[in-house]
Each structure stands twice: as C-alpha cells, then as structure tokens.
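Protein chains in written order, with numbering that gives the first Met the number 0: chain S, 0 to 293; chain B, 0 to 293; chain P, 0 to 293; chain H, 0 to 293.
Number of protein chains: 4
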Amino acid sequence: MPQLSLDALNAASDAEFATALGDIFEHAPWVAAAAARRRPFSDLEALLHAMTQAVRDAAAERQRALISGHPDLAGKAARAGDLTAASRAEQGAAGLDRLTDEQYETFHRLNAAYRAKFAMPFIICVRRHTKESILAQFERRLAGEPAQEQGAALEEIFRIAALRLDERVSAPDRLKVHGRLSTHVLDTRAGRPAAGIPVELAEIGENERRVVARAVTNADGRTDQPLIAGRPLPIGRYELSFQVAAYFVAQRAPLPDPPFLDTIPLRFAVAEPEGHYHVPLLVTPWSFATYRGS
Amino acid sequence: MPQLSLDALNAASDAEFATALGDIFEHAPWVAAAAARRRPFSDLEALLHAMTQAVRDAAAERQRALISGHPDLAGKAARAGDLTAASRAEQGAAGLDRLTDEQYETFHRLNAAYRAKFAMPFIICVRRHTKESILAQFERRLAGEPAQEQGAALEEIFRIAALRLDERVSAPDRLKVHGRLSTHVLDTRAGRPAAGIPVELAEIGENERRVVARAVTNADGRTDQPLIAGRPLPIGRYELSFQVAAYFVAQRAPLPDPPFLDTIPLRFAVAEPEGHYHVPLLVTPWSFATYRGS
Amino acid sequence: MPQLSLDALNAASDAEFATALGDIFEHAPWVAAAAARRRPFSDLEALLHAMTQAVRDAAAERQRALISGHPDLAGKAARAGDLTAASRAEQGAAGLDRLTDEQYETFHRLNAAYRAKFAMPFIICVRRHTKESILAQFERRLAGEPAQEQGAALEEIFRIAALRLDERVSAPDRLKVHGRLSTHVLDTRAGRPAAGIPVELAEIGENERRVVARAVTNADGRTDQPLIAGRPLPIGRYELSFQVAAYFVAQRAPLPDPPFLDTIPLRFAVAEPEGHYHVPLLVTPWSFATYRGS
Amino acid sequence: MPQLSLDALNAASDAEFATALGDIFEHAPWVAAAAARRRPFSDLEALLHAMTQAVRDAAAERQRALISGHPDLAGKAARAGDLTAASRAEQGAAGLDRLTDEQYETFHRLNAAYRAKFAMPFIICVRRHTKESILAQFERRLAGEPAQEQGAALEEIFRIAALRLDERVSAPDRLKVHGRLSTHVLDTRAGRPAAGIPVELAEIGENERRVVARAVTNADGRTDQPLIAGRPLPIGRYELSFQVAAYFVAQRAPLPDPPFLDTIPLRFAVAEPEGHYHVPLLVTPWSFATYRGS
Numbered sequence: 000m001p002q003l004s005l006d007a008l009n010a011a012s013d014a015e016f017a018t019a020l021g022d023i024f025e026h027a028p029w030v031a032a033a034a035a036r037r038r039p040f041s042d043l044e045a046l047l048h049a050m051t052q053a054v055r056d057a058a059a060e061r062q063r064a065l066i067s068g069h070p071d072l073a074g075k076a077a078r079a080g081d082l083t084a085a086s087r088a089e090q091g092a093a094g095l096d097r098l099t100d101e102q103y104e105t106f107h108r109l110n111a112a113y114r115a116k117f118a119m120p121f122i123i124c125v126r127r128h129t130k131e132s133i134l135a136q137f138e139r140r141l142a143g144e145p146a147q148e149q150g151a152a153l154e155e156i157f158r159i160a161a162l163r164l165d166e167r168v169s170a171p172d173r174l175k176v177h178g179r180l181s182t183h184v185l186d187t188r189a190g191r192p193a194a195g196i197p198v199e200l201a202e203i204g205e206n207e208r209r210v211v212a213r214a215v216t217n218a219d220g221r222t223d224q225p226l227i228a229g230r231p232l233p234i235g236r237y238e239l240s241f242q243v244a245a246y247f248v249a250q251r252a253p254l255p256d257p258p259f260l261d262t263i264p265l266r267f268a269v270a271e272p273e274g275h276y277h278v279p280l281l282v283t284p285w286s287f288a289t290y291r292g293s
Numbered sequence: 000m001p002q003l004s005l006d007a008l009n010a011a012s013d014a015e016f017a018t019a020l021g022d023i024f025e026h027a028p029w030v031a032a033a034a035a036r037r038r039p040f041s042d043l044e045a046l047l048h049a050m051t052q053a054v055r056d057a058a059a060e061r062q063r064a065l066i067s068g069h070p071d072l073a074g075k076a077a078r079a080g081d082l083t084a085a086s087r088a089e090q091g092a093a094g095l096d097r098l099t100d101e102q103y104e105t106f107h108r109l110n111a112a113y114r115a116k117f118a119m120p121f122i123i124c125v126r127r128h129t130k131e132s133i134l135a136q137f138e139r140r141l142a143g144e145p146a147q148e149q150g151a152a153l154e155e156i157f158r159i160a161a162l163r164l165d166e167r168v169s170a171p172d173r174l175k176v177h178g179r180l181s182t183h184v185l186d187t188r189a190g191r192p193a194a195g196i197p198v199e200l201a202e203i204g205e206n207e208r209r210v211v212a213r214a215v216t217n218a219d220g221r222t223d224q225p226l227i228a229g230r231p232l233p234i235g236r237y238e239l240s241f242q243v244a245a246y247f248v249a250q251r252a253p254l255p256d257p258p259f260l261d262t263i264p265l266r267f268a269v270a271e272p273e274g275h276y277h278v279p280l281l282v283t284p285w286s287f288a289t290y291r292g293s
Numbered sequence: 000m001p002q003l004s005l006d007a008l009n010a011a012s013d014a015e016f017a018t019a020l021g022d023i024f025e026h027a028p029w030v031a032a033a034a035a036r037r038r039p040f041s042d043l044e045a046l047l048h049a050m051t052q053a054v055r056d057a058a059a060e061r062q063r064a065l066i067s068g069h070p071d072l073a074g075k076a077a078r079a080g081d082l083t084a085a086s087r088a089e090q091g092a093a094g095l096d097r098l099t100d101e102q103y104e105t106f107h108r109l110n111a112a113y114r115a116k117f118a119m120p121f122i123i124c125v126r127r128h129t130k131e132s133i134l135a136q137f138e139r140r141l142a143g144e145p146a147q148e149q150g151a152a153l154e155e156i157f158r159i160a161a162l163r164l165d166e167r168v169s170a171p172d173r174l175k176v177h178g179r180l181s182t183h184v185l186d187t188r189a190g191r192p193a194a195g196i197p198v199e200l201a202e203i204g205e206n207e208r209r210v211v212a213r214a215v216t217n218a219d220g221r222t223d224q225p226l227i228a229g230r231p232l233p234i235g236r237y238e239l240s241f242q243v244a245a246y247f248v249a250q251r252a253p254l255p256d257p258p259f260l261d262t263i264p265l266r267f268a269v270a271e272p273e274g275h276y277h278v279p280l281l282v283t284p285w286s287f288a289t290y291r292g293s
Numbered sequence: 000m001p002q003l004s005l006d007a008l009n010a011a012s013d014a015e016f017a018t019a020l021g022d023i024f025e026h027a028p029w030v031a032a033a034a035a036r037r038r039p040f041s042d043l044e045a046l047l048h049a050m051t052q053a054v055r056d057a058a059a060e061r062q063r064a065l066i067s068g069h070p071d072l073a074g075k076a077a078r079a080g081d082l083t084a085a086s087r088a089e090q091g092a093a094g095l096d097r098l099t100d101e102q103y104e105t106f107h108r109l110n111a112a113y114r115a116k117f118a119m120p121f122i123i124c125v126r127r128h129t130k131e132s133i134l135a136q137f138e139r140r141l142a143g144e145p146a147q148e149q150g151a152a153l154e155e156i157f158r159i160a161a162l163r164l165d166e167r168v169s170a171p172d173r174l175k176v177h178g179r180l181s182t183h184v185l186d187t188r189a190g191r192p193a194a195g196i197p198v199e200l201a202e203i204g205e206n207e208r209r210v211v212a213r214a215v216t217n218a219d220g221r222t223d224q225p226l227i228a229g230r231p232l233p234i235g236r237y238e239l240s241f242q243v244a245a246y247f248v249a250q251r252a253p254l255p256d257p258p259f260l261d262t263i264p265l266r267f268a269v270a271e272p273e274g275h276y277h278v279p280l281l282v283t284p285w286s287f288a289t290y291r292g293s
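Here you go:
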C-alpha cells in the first residue's frame, strides 16, 4: 500500500480516511472511523493518540473483541496462510515463519495455556522482539494476572499500530518507534580510524546464529549505514564481529602466527527497541575494548 | 615411570643411566648411552644439551634412523595401539586419538604425501599444538625443502625430548618448556576485583569447541590455579568466557532486561607455547576491555 | 575590513581587486595585482594558487624583498607598535605580545642570530603555533641551510596568506586551514553520556598554563561547540581536564573520601594544526581511558 | 631504640617490659605497666589489644590526662623542639615541620579553636595523612560534638600506638598498619610490559607538588619496589607520571612531533591508608587507560 501524507489524510472525506487507515488496528476499522472525526491532526503523534484514545474510550466488550481479533503467534492461521498481510510480514520478520517442529510445539503449548487462562490470544508487538525474547515474554506474561494482561495486550496493540502508522503515513515529524545500532572501529595503535574492517552482526538464539547485517568500515572507521536503523531493534542477544588481523597485516604491524587477535566477537543484548546502541571497538593487535557509547 | 633426581642420575652407573633415559629419544637408546659419558651434569639444561649434541654429532645415517623411528601422526600404528606409551599420551593430549573419519583421512593423505616427498615421517612435538595448528604446520612443512625438513624434524625431536626429560628427571632448575595462561577480572565500576565469576576456557577448532578449563574467580579476581600451567600452551585459538551478569545483579548494579553484557567471550590465539599469556577482563555492566598482560 | 565575496572579486576591476587583496601578502601589493589578471577563480583554492604562483614566478630579488618586508617576531617593531594590523593580531594570538623580559631576550637573541646567518627575518605562520613551538621551530631552523630556509620562509608566507584570504573572502568552498579539537565524556559505569561535567582546556608551556576554553558537557556528553574550531590548532602541548567527582556524587555512586578520581587531567600534544583531534574520556569512579578518536 | 622480639618481651620482668614499651602511649607508661600483667601474648595483635583495653578500662580522669599529654600539631612545642622523639618524627613525616607562615597560622588558629571548644589538644595519627587531609580532618572534627571527639581522640591514639608498636617489636605476624601503592606499565601496542619507563609519584597539595618516589620500570613493566610500602599510605591526592615518548621512540613507533603523548600524569586520591592501591597504565602512542587494580 502506498504512503499517504498526513496533509492528504486531514483533507480526505471521513470515508476515505477510514478506508485508508482501517487496518491499522487488526480487524477493527471502527478505530479509524472514530479518529476521523477528530481531524485535523498537527502531527503523527496526535493521529496516533486519537486512535489509541478511541480504543481506550470504547466499551469493554469492544476492546475484548479487538484483542480477540488478533491471530495466535505462530499459530494455525499462520501455517494455513490465513493472516492479514501486515500480521504475516510482522511474524515473518521475527522468524516465526521458520520454526523448528519443536519450537512450533512450544508456541502451540503456550498459546493453548494462555487462551485457557486468559480467554484471549497472546498479543505482542513482534517487530520489537527476537524469537527468543518473544518466548521469554510469553512465559512471563502467562504467569501474570488477568487484569494486567488485558492492559498489556492493549499496550502491545498500540505499539503494533504505531509501527503500522509510521509506515503508512508520511509526515515531517516521525513517531519515535525506531532504534539504531551503530559501530566504529578505532585503531589505537596508530591513532586513527580503522578502515576496511569487515563487520558482521548476528542475532544469537539458544542454538541459532542468524546474520542480520554485514558491512565494511569506511575511512572514518564507521559503516556507511547504521547496522540497524529505520525499525525497532529487536530485544535479544547479538554478536558483532570484526575481522582485524588482515587489517593489521596491511598496516605492517608485527603479528605472531597465529595472530593474538583475529576475528573479535562482541556479545551484547538489546533491551530498548527504540534506543540508540553505539558499540565501538578500540583495538590494537594485543588489546581491545568496547562500551555502550552514544 | 617414577621421577628420578638429577643427582641420582649423576651417581648411577653408565648402564643404569642409559636404561633410565633410554626412551627419551624414541627407539634410540644410543642417545642416552652417549650422554652418560658426559656426566656429571650441573642442571637439566646441561643434560638436555648433551643428548641433543649426541644427536647432532651422530652420523647422517643414524640421524635418519632416529627420525624414521617415529610413528605417523594419527596413523595406523595409533589406530592399532602400536605406539610407545609416551607417543600415545602425547598424541592423545592433542586430540589425535579422537578424530572424525574425515580428519583421519586428512592425516592419512598428508602422511602419505609427506613420506612420498621426504621419505620420512612427519614429526612435530604435538604437546605444543592443537589439532588445528598441527594441520596448519603439516601443510606448511609439506611445501618445504628436504634439507630444511631434516633440520625441522630434529628440532621437533629435541622439543619432544625436552618435555620427556622434564617429566622424568627432577632437579632444582627446570627446563623452560612450560607456558602459563592466566586471567584476572576487575570490576571497574566498583574499583575492586570481581569475585565469584565463572570462567571457562575452550579450545576453538574449525567446527569444534572443546572446554579445557573451568574455574571461578577468587577474592582477588583471579583463579586459584592458572587456567593452564605446568605444560606447553598448545598453539591454537581459544575462547575465554566470563559470566558477569549474575555478579552485577549480586552487586545491586541496575541492569536492563536482558542485561547488556552477560556471558563475555574473549577470543585470542596462542603462538608461543612457552610464553606467559595473561588475559584479564576489565568490566562494568556496560563496557569491557582486555589485553595481553604480564 | 569586511568580508568580500569571491563573486564580487571576480567581477571587480583590476584596481579594485588589487586594493581589496593588496595586504594578503605583507607589504607586497604586486602579488594581488598579478593574480587579478588570472581571474575568474572558481574557488578560493584557485585564487590562493594564483597568488602563490605569482610569488614563485617572481624574480629572486623580488622574493627576497617580500621576505624582508616581514617584521621580526616579538621584535622592536612589535614593541613600538609599528606592525601592520594583521601582523599585530597574529603575533598577539600566539602570546608574543605578553612575553616576560627573559622570553623577549630569547627572541631578540634568536632574531639577531637568524638575521646574521640568513640575512632575512625569521618567518613563521604564528597562528599555527604556541609560543613554545615557535621557539622550538626557531632553534631548529636556525640550524638549517640558507637554500632550505628561503623555501621554508616562502612556505610560511603562503600559510599566512591562506589564513588571511580565508578571513577576507567568502566563498562556498573553504580553504583547508582550520583544525578541530573536540571531546566526549562517557560514563561507562552507567552506560550513558555523562552530562554536566565541567571541562577545561589549557595550553601548557614550560612554566605556564593558559586556559583556552571552558565548557560543560551536554546531554550527549559532548560540548555544544568544539573546544577549538574555525582556526588552526596551535602546535603545542595541552591539558584537558574534567571534573568528575561531583557528577558521580549526583549519580549516587558510592565514593570514598576523598574520591579516587576527582579532576582528571589528560595531557596531549597537537602536531597537525589542520587536523581533527577528538579526545574522549571513558570514565567510572575507579577507571578512565582516553585515545585519539575521530 | 632497637627492635625487641615479642618472645623477649614475654620473658622479661614486669619492670623491663614497662620500660621497653613505656613510650608507646605518649607520657603514659602506666599503659605498658598494665599490659605487662596480661602476658604472655601470642602475637602483636594481642599485645596491642591488651594496651588499648587498659586505656578503655582506665578511669575517665586518666583517659583525659592521656589525651592532654599529647602536643599540639605544629604547635609551640614543635617550634621549640620540645616534642618526644616519636612525635617529632611523626609530625615531620607529614611535613608539619616545614609549614609556611600562613599554614602555621592556620594550625595555630585551629589548635586554639579546638582547645577552646573541647578543652583538649587535637589528636590525629599524622602518619596516615598528608598535610592537606590533616587540615580537612581538623575542620571536620572541630565541627563535632564533645562526646564523639573524646572517642575520636582515643581511636587516633590507638592508631599511633599500633604504628609505634609495629616498629618497636618484632614478631612473626605483623599488625595490619601498612598500605601499598604499586604500578605496572603495559605497552598494548606491542603486547608486552613496557620496560625502562621513568615513573614519578608526587603528593599534590593546594599549591604544592612534592615528589615522594621515583623509579624506572623493569622488564616486567613494574618497579622493583612498590612506590610506597612498609608504612600507611597518607590520605591525600597524588599524581603518578610516566615518561612514555622516549620509550616509544626506542621501540621505533612512528610518532608525530611533538608526540601526542609524552609525560602522562594520572591523578588519584588515597582514602584507605592500609589499602593496596595498584594503579597501572595501559598505553600506546595514541591512547592510555588506568584503573584501581589489585
């Protein structure tokens, strides 16, 4: 679906508006219809607020229906191809479309237990998570209280809506729904940025390692693009690895055989999907350091 | 075989001496017999020197026989259990007794190629190597010249002899045949040693990860014993990993969920089997550094 | 004198052009007059090149006169107020207008020795230097050969001209005559930028310490403006100091009395006046690190 | 006075014992006399405990007399040469025998104010302090309550006694009255200890800088002796400085002129006189780091 400008949405008829944003909330076009009457919106934040307020103001029955309209995570609907396009893309990004049989069973068991306890599907904004952190959240929320869980489900629905809105509507000010993961390599032996270092970012699961970005450092020791940007950083564990030995050979640094440092892995975890994680490497052939920078 | 003192060896008859050290050089008791006549020895170094000098002074034919008396690495003799006790223990320490079929085939191919080119077995002091570095040396030396290889084989035989002698004979001054690998964890958030951190050292192969030491840091942030000591450090790649998140939780440091740093791996390689590798970790919940220390 | 645009200079009459830029080269309006005939200039670099080329193409006699037209550093003309406005400002920036009697004597002695050996004044682009590095250069060049020194004097005159031109003429592309000195404070105890840290930059001489910039770190741990920018970084020694104890007290970090770290000085030297020196501080209450960054 | 062994003291007559230790508590031989009756002592700690317990058990009048028997710090007795040998040595070590007139006036004023408020002299174990920290303690305790101050005075008297006892009596187990300050320089460019680096330790006062130790690093990058050992570390501020540029020139590291790093000062403070402060330097020509180590 093409991007629409906020100005065009402000100028559209109520019906056009409701059509354009009818699927921001899953199977709940009434949310967009309610928001249409609050126009004009000065920015995306105001539009989002009108939509979430419409949900908060809705009758309990309607809220429950909104929640129930969401599919199970990695559930039968997903296997059968019965998801909305948005849900399919979201679940796929987190790797829920390529589960092992064992993982599928785990989801199946958790979905059943959650429905049994709370009489609603487990809802989570999957684009803010890795498969591993979805499972961790699932276990944690399954242990929660019904009253809390209703609130938690709505919060996750609002996060999903914010991301869909951010993609659908163009406006000068953006919603704060994206994070950023960047790096920088400094050769502290020579006192300058280390150029030409291959860098790899991988998501680390229990028994998995999935490469999510590859780059080579430029003349300033940075990658031309952030390793992740323009989307939330999935909560989870990562390994950033740097191939430094070939660089130091090219710098004519005397190295033993094998070199003391060759591919340097830095393991860390992301806990704030909307945060900026700057993870630099200060390196000589015999030492290295890293830290969460800014 | 029990340890003998250097004093006792100096006082023994020539025959007793030759019997006691007859197997220091594989299938070559004549080396000990020749050294017996050079007694007394003031220290182990002098004894070793007398034995290596006896080899250097021997006729070319005898040197060649000494070399040819060595078994193939991971060869048929090993599979058939036809090795001397010393050779069996040495090859086992480097993991040559638990090769996959593919690795066995590689050794078989290299042994054959080496014998075809140099008309002698490939000799290397396996206790100074990991499986990976043995293969790297094998490929490298296979590309060498016959004259060099004869010298290289003798050098390796002398290294094997030095290690056997160090085990067999007790003396106040030791031979410099051992390395040391140690670590130290400093909590730079609190300015004190980090006690109670689980540490694991693993040897890293192409597709393998073999844990070679486990320890927990003591009140001084060190391990009670060095991670490796009393033997050469096998040339190869290692990963030292530290579980720091539980430590910082116990210190009541505020941590995100998941913590930015949890298990920290440090990858490095050993190139000097007789060297001292001190690989410390300076760590806060948000940063870490390492270096080759002393 | 107001800034002129390169466009206006390209459009002016030869006489207007020569008047406008007549003092870029000290007492040598003929340089501007010669360059006027090479117009139009696409950028400042081209204009500067035309002027320096006019000097290089001039007869030896005229070059010598250009050199001799420069005043002594910290000489009688300076004390008597007989300098051109540009020279006065330049010598003042390096502190040559506030010498002790002893320093004045040193300059007097060096000026006399230099004139006696080379029959010309000692010329150096003082804005690229501190008093200390001017003296170091003076001693070094006094030991040089006449042929080299003539070339060295012209190179310094070209550097002086480039800086004057950069100030006098506005154009889209600037000459590369400026450096930059910046810092950044990261609290690696808490994994975030350290805001509110007072920072002081001082120039360090033999027996002097002259504060050249003061700032407080902002929310990103940086100073709102670089500590030095928009001019060359004077070659010399510096001390950057950071008051960290009050910051950590405010963060409720447990500190001993007195705190292990309070005001942290970082000493370093600048050797490239047109370079970028980024000198960050990574700090906890018990550790700190710095490096030349980018 | 020569050292006595604890065994000899245990075997001596009561009178000999009291004579030998009569001046451990200033002008209060009765303390030693009381302790003599508690013999034998298994170690120094037990002997010290017997003496402090004798003071604690004494009548209030006698405690007050003990306190009043101490001289003013940097007072008239000091100027007139009327101190006991022990007091003179102790006050001299903290520099109280070489005050400026202004500092003398400050002590005079504080002594008078303290006596006016508490009717006793200000007592502090000066060997655990620098001049600066004595003044800081003086101001702080002057603001205290009489009941607390009586206790504080006795605690300081016990510290003085412990140090005197440690010097006077030899025994296998020592009292824990000494600290240690050490350093270590690691060249992280080359991955080895930096040998031959001149190191200087200075005590830093308001307007003073007093060098207290000089050394050169040995082959292991350490100084042959700790910079301070065998005595308490005076509470106060210090600067440890390292001359690294000449070292890197000798290592043939390419350096700019002037070098980015030359003499590196590390400023820190000591707060625990009986602690171990290990302050290492990790250094390349372009970076350095330090931390409180162990």
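In this text, a Cβ means the ideal position worked out from N, Cα and C, and glycines have one as well.
Would you say residue i faces chain S, with C-beta separation under 7 Å as the test?
i      : result
P/Y290 : yes
With DSSP run on the structure shown, which of helix, strand or coil describes residue i?
i      : result
S/T105 : helix
S/P145 : helix
P/Q90  : helix
S/F287 : strand
Would residue i count as contacting chain P if we go by Cβ distances under 7 Å?
i      : result
B/R188 : yes
S/D256 : no
Taking Cβ positions only, does residue i come closer than 7 Å to chain H?
i      : result
B/P284 : no
B/D100 : no
To the nearest angstrom, how far is the alpha carbon of residue i from that of residue j?
i      : j      : result
H/F24  : H/V30  : 7 Å
S/Y113 : S/L20  : 30 Å
H/S132 : P/L164 : 56 Å
H/G80  : H/P70  : 11 Å
B/R55  : B/E155 : 13 Å
When you measure from the CB of residue i to every non-hydrogen atom of the ligand FAD, does any distance come out below 6 Å?
i     : result
B/T99 : Within the structure as shown, the ligand FAD is missing, as the structure has no ligands at all.
Strictly below 7 Å CB to CB, what residues from chain H border residue i?
i      : result
P/L260 : F267
Name the chain S residues whose beta carbon is nearer than 8 Å to that of residue i?
i      : result
B/P264 : P264 and R266
P/R191 : R291 and S293
Is the Cβ of residue i closer than 7 Å to any Cβ of chain B?
i      : result
S/A270 : yes
For residue i, return the contacting residues in chain B, with the cut-off set at a CB-CB distance below 8 Å.
i      : result
S/F137 : None at all; the shortest Cβ gap to chain B is about 15 Å.
Which chain B residues are close to residue i, counting only those with a beta carbon under 7 Å from its beta carbon?
i     : result
H/D81 : Near H/D81 there are no residues of chain B at all, since even the closest Cβ is about 43 Å away, more than 7 Å.
Starting from the beta carbon of residue i, find every residue of chain P whose beta carbon is closer than 7 Å, and list them in chain order.
i      : result
H/F157 : Chain P residues near H/F157: none, gap ~21 Å exceeds 7 Å.
At least three beta-carbon pairs within less than 8 Å, the region 214-228 of chain S to the region 180-196 of chain S: At 8 Å Cβ cutoff, the stretches touch.
The region 245-259 of chain P in contact with the region 138-150 of chain P per 3-pair CB rule at 8 Å: Judged by Cβ distances under 8 Å, the region 245-259 of chain P makes no contact with the region 138-150 of chain P, as fewer than three pairs qualify.
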